[in-house]
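The sequence shown begins at 470 in this note's numbering and counts up by one.
All C-beta atoms, glycine included, are put in the ideal place defined by N, C-alpha and C.
Remember, predicted model here, so these are calculated numbers, not experimental data.
Report on the structure given below.
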Amino acid sequence: MRLRLVILAIVTLVGCGSVGEDETNEVQPDLDDIALSSAVSIRSIGCAPGSIRGAGAVIEGGFVLTAGHVVAGATSIMVQPANNPPGSEPRAAHLVALDPKNDLALLAITGTSVPALRVARGASTGAGLTTVFRESKAVLHPFVITRPVQVRILDIYGQRTVTRESYQVAAETSGGDSGAVLIGPEGTAVGVLYAQSDESDDRAWATTMAAVPRLIDDARLVDPSSGIDTGACAPD
């Protein structure tokens with residue numbers, strides 16, 4: 470799926486790289502443990518040949534936060550926590566909240582014990598870590614928030630132009646990284662990766678946390694054992 474950033478460039482969805490910029494911030498020593506222990510890999514079936522892969526993390530309320538386009542239209546969603554032993558079976562998940570404008574989704578899972586991240590309130594700056602998956606192995610990548618941006622972009626269905634509150638980030642990203650949660654130096658969730666630049670290897674975009682508290686409120690009203698209708702697939 471291709472999206473056009475009016476203020477910047479054409480981008481491609483990360484899920485469907487090298488760290489650049491000179492800005493750096495000191496990261497607390499245990500941030501790697503926080504990032505790895507909360508991270509999950511996601512596989513959704515029903516919208517593409519084979520499956521769509523993405524990433525996410527468990528946040529307050531016990532929900533998995535990820536990118537909406539990773540799970541929209543899925544007939545089956547499976548989640549594998551990064552801290553599960555090798556060979557562990559993935560867990561079935563249900564969609565409990567979806568925000569097509571901001572490309573965000575919340576999933577409910579049961580039978581797992583994954584530490585939950587607090588959601589950052591207010592704007593975030595500086596450096597942090599995110600967990601992505603390479604051949605099913607969890608890998609930590611650093612990122613730097615280079616600036617906040619108001620992105621004019623199509624919603625995940627490609628139907629209407631919206632303004633998405635985002636961060637431009639310097640980060641190493643690759644296919645399958647959509648939904649990876651950015652964790653700031655205080656150990657809180659600060660953003661969700663949704664796109665990378667076609668013109669620069671060290672530029673990507675993440676949705677801020679501004680809309681997440683409302684999504685959590687919506688998700689708490691949903692039966693986690695059944696979830697909500699996943700709707701239509703996001704176009705390629």
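By alpha-carbon positions, which one of the options ends up nearest to residue i?
i       : options                            : result
Arg-587 : Leu-651, Asp-568, Cys-516, Gly-696 : Leu-651
Ser-605 : Pro-550, Pro-584, Ile-514, Asn-571 : Pro-550
Ala-669 : Gln-628, Ala-541, Val-638, Ala-589 : Checking the sequence shown, residue 669 turns out to be Ser, not Ala. Ranking Gln-628, Ala-541, Val-638, Ala-589 by Cα distance to Ser-669 puts Val-638 first.
Gly-525 : Gly-537, Cys-516, Gly-515          : Gly-537
Pro-584 : Thr-594, Ile-521, Asn-552          : Asn-552
Thr-600 : Leu-684, Asp-692, Gly-523          : Gly-523
Ser-694 : Gln-628, Tyr-626, Val-527, Gly-580 : Gly-580
Leu-534 : Ile-546, Ala-574, Ser-545          : Ala-574
So, is residue i buried or exposed, given that buried needs 16 or more other C-beta atoms within 10 angstroms?
i       : result
Ser-510 : buried
Pro-554 : exposed
Glu-641 : buried
Ala-664 : buried
Thr-632 : exposed
Pro-518 : exposed
Gly-644 : exposed
Ser-545 : exposed
Asn-494 : Since pLDDT at Asn-494 reaches only 47, below the 50 mark, its modelled position is unreliable, and the value read off the structure follows with that caveat. Exposed, since its Cβ has fewer than 16 Cβ neighbours within 10 Å.
Just curious, the alpha helix (DSSP H) that residue i is in, first and last residue?
i       : result
Ala-688 : 681-688
Gly-537 : 537-540
Ala-504 : 500-507
How many angstroms separate the CA atom of residue i from the CA atom of residue j?
i       : j       : result
Ser-582 : Gly-531 : 9 angstroms
Arg-471 : Arg-590 : Confidence is the limiting factor: at Arg-471 the pLDDT is only 36, short of 50, which leaves the residue's position unreliable, though a coordinate-based value still follows. Roughly 30 angstroms separates the two Cα atoms.
Ala-566 : Gly-542 : 13 angstroms
Leu-684 : Ala-658 : 14 angstroms
Cys-485 : Ser-513 : Note that Cys-485 scores a pLDDT of 49, beneath 50, so its modelled location is shaky; the value from the coordinates is reported in the next line. Going by the C-alpha atoms only, they are around 11 angstroms apart.
Thr-676 : Pro-569 : 12 angstroms
Leu-576 : Gly-556 : 22 angstroms
Gln-619 : Trp-674 : 11 angstroms
Asp-501 : Pro-611 : 10 angstroms
The beta strand (DSSP E) with residue i in it runs from where to where?
i       : result
Ser-545 : 545-550
Ile-625 : Careful: Ile-625 lies outside any beta strand (DSSP E) and carries neither H nor E.
Can you confirm whether the stretch 645-659 touches the stretch 695-703 when touching is taken to mean that 3 or more C-beta pairs between the two stretches lie within less than 8 angstroms?
Between the stretch 695-703 and the stretch 645-659 there are fewer than three C-beta pairs closer than 8 angstroms, too few to call the two in contact.
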